[in-house]
Amino acid sequence: MTTAPPPTPAVRRWWLWVVWAVGVGAYVLAVANRTSLAAVGVDTAVRFDADASTLSLFAVIQLAVYSGMQVPVGLLLDRFGSKPVMVLGMLVMASGQVIMAFATDVGVAILARVLIGAGDAAIFPGVLRVVAAWFSERQAPLVVQLTGIIGQLGQLVSVIPLAVLLRATTWTVAFSALAGTCLLFAVLMLAILNDRPPGVEVQRKVVSSADLRQGFAESWRHPGTRLGFWSHFTPPLSVNAFILLWGYPFLTVGEGLSPAAASTVMSVIVIAGLAAGPVVGALSHRHPLRRSRMLVLPIIGAQVVVWLAVIAWPVAAPLWLLLLLAVAIGLGGRRRSCRSTMPARSRPATG
């Protein structure tokens with residue numbers, strides 16, 4: 000019996016990028032699920048006969064679940080690896096979209112958004128773990144940045160194709176199609192993704208609850224952690240509130256834009272974030288101790304000024320001002336590159 004020769008380095012490099020492409024595709028789809036109500040806010044209000052405060056629950060609860068699941072997802076990744084956790088997350092998102100497709104009351108729709116937030120929480124950390132295992136230390140930072148940038152294209156999927164499909168068919172068909180895409184990607188990840196390259200062992204690390212509490216306490220006591228938290232919290236506040244649910248109704252019903260013009264403004268938000276990512280990342284790397292004054296505070300200041308101009312405009316704001324608002328809040332979406340204000344060697348070591 001003979002054994003097949005080991006794959007050549009060229010084949011390994013090719014397969015490495017295939018694995019990454021599947022992971023990035025999963026992240027694009029996760030973002031599309033996360034923002035799937037972005038361009039259909041008016042339809043959502045009509046379908047569930049809900050007012051603005053009730054609609055806001057969809058975004059708030061989903062983000063709360065997404066945030067609360069980060070630590071459990073991290074522990075699951077340490078114990079089981081990326082592949083099973085990401086596949087499970089994609090299946091949970093699919094189930095949430097199936098429920099949303101057939102939901103007719105607010106309570107059921109909120110349950111759907113809970114499932115979507117829980118499934119979404121597993122994808123990006125899982126992709127980062129895949130990148131760390133498959134790419135060298137020299138390549139990994141660039142690949143992580145590309146992953147974050149490309150993943151935001153999922154917002155365009157929810158703003159344009161999903162909205163077009165909903166207008167052409169029905170609510171049930173549109174969200175069932177999104178659920179079917181999630182199932183397709185779950186199968187794709189099951190077939191292609193792997194936690195590590197062949198022949199490389201990855202150690203599993205199980206952290207006790209005591210170690211977890213101690214790590215949190217030590218990290219939070221460091222002032223750089225708190226500053227990083229608020230740097231990550233404040234700049235994307237507008238873009239999260241705008242892109243996740245009420246931005247499209249605000250533009251169409253509140254500002255009187257046509258659906259096409261509103262979709263253009265929403266797309267500019269995404270494009271501005273994509274374009275700003277490499278610039279913000281380069282400045283963060285070059286000036287690690289000046290990120291707050293050079294990046295975070297100017298971005299927040301620009302958002303405040305433009306928002307005040309839109310709010311104070313005596314009639315409906317002109318399109319050029321709304322586009323300027325889109326650019327300003329889109330810049331806030333690139334907070335990952337400037338959220339840390341400590342150089343790496345000064346950060347506290349945590350488990």
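At position 84 of the sequence shown the residue is numbered 83 (numbering that gives the first Met the number 0), and the sequence of numbers has no breaks.
C-beta: ideal position from N, C-alpha, C; glycine also.
Quick caveat: nothing in here was measured; it's all calculated off a predicted structure.
By the C-beta criterion, the stretch 64-80 is judged to be in contact with the stretch 102-120, since at least 3 inter-stretch pairs fall below 8 Å. Here the stretch 254-268 does not lie against the stretch 286-296, with fewer than 3 beta-carbon pairs under 8 Å apart. Under the Cβ criterion (8 Å, minimum of three pairs), the stretch 277-287 does not count as touching the stretch 78-91. Assignment of THR169 by DSSP, reduced to helix, strand and coil, places it in the coil class. The Cβ atoms of ARG225 and TRP219 lie closer than 8 Å to each other.
One alpha carbon belongs to ALA108, the other to LEU330, and they sit about 31 Å apart.
Between the beta-carbon of LEU244 and that of SER55 there is about 7 Å, and that keeps the pair under the 8 Å contact cut. Taking a C-beta distance under 8 Å as the contact criterion, LEU110 and ILE122 do not qualify as a contact pair.
The DSSP-derived three-state label of ARG289 is coil.
For PHE79, the uninterrupted alpha helix (DSSP H) run begins and ends at 69-79, by DSSP. If you compare the alpha carbons of ALA58, LEU127, GLY179 and GLY150 with that of GLY246, the shortest gap goes to ALA58. For the beta strand (DSSP E) assignment, the stretch 133-181 encloses no uninterrupted run of at least 3 residues. According to the DSSP assignment, GLY300 belongs to the alpha helix (DSSP H) that extends over 296-311. For THR169 and SER94, the gap between their C-alpha atoms comes out near 18 Å.
By the neighbour-count criterion, in which a residue is buried when 16 or more other Cβ atoms sit within 10 angstroms of its Cβ, THR103 is exposed. Across the structure, LEU36 and LEU127 are spaced so that their CA atoms are roughly 26 Å apart. The straight-line gap separating the alpha-carbon atoms of VAL303 and VAL309 is approximately 10 Å.
In this structure, DSSP gives ALA25 a helical state, which the three-state scheme calls helix. Between VAL27 and ILE149, the CB-CB gap stays under 8 Å. Boundaries for ARG195: no alpha helix (DSSP H) harbours it, and the DSSP string shows neither H nor E there.
Only residues of its own chain outside the window of five on either side were considered, and among them VAL27, VAL30, VAL269 and LEU273 have a CB closer than 8 Å to the CB of LEU152, listed in chain order. Here DSSP, grouped into helix, strand and coil, assigns SER266 to helix.
Look at GLY332 here: in three-state DSSP terms it is coil, with no helix or strand label. Our two residues, SER237 and GLY253, have alpha carbons roughly 17 Å apart in a direct line. In this chain, ASP104 is not harboured by any alpha helix (DSSP H), its DSSP state being neither H nor E.
Just measuring C-alpha positions, the residue of ALA100, VAL186 and GLY24 sitting nearest THR171 is ALA100.
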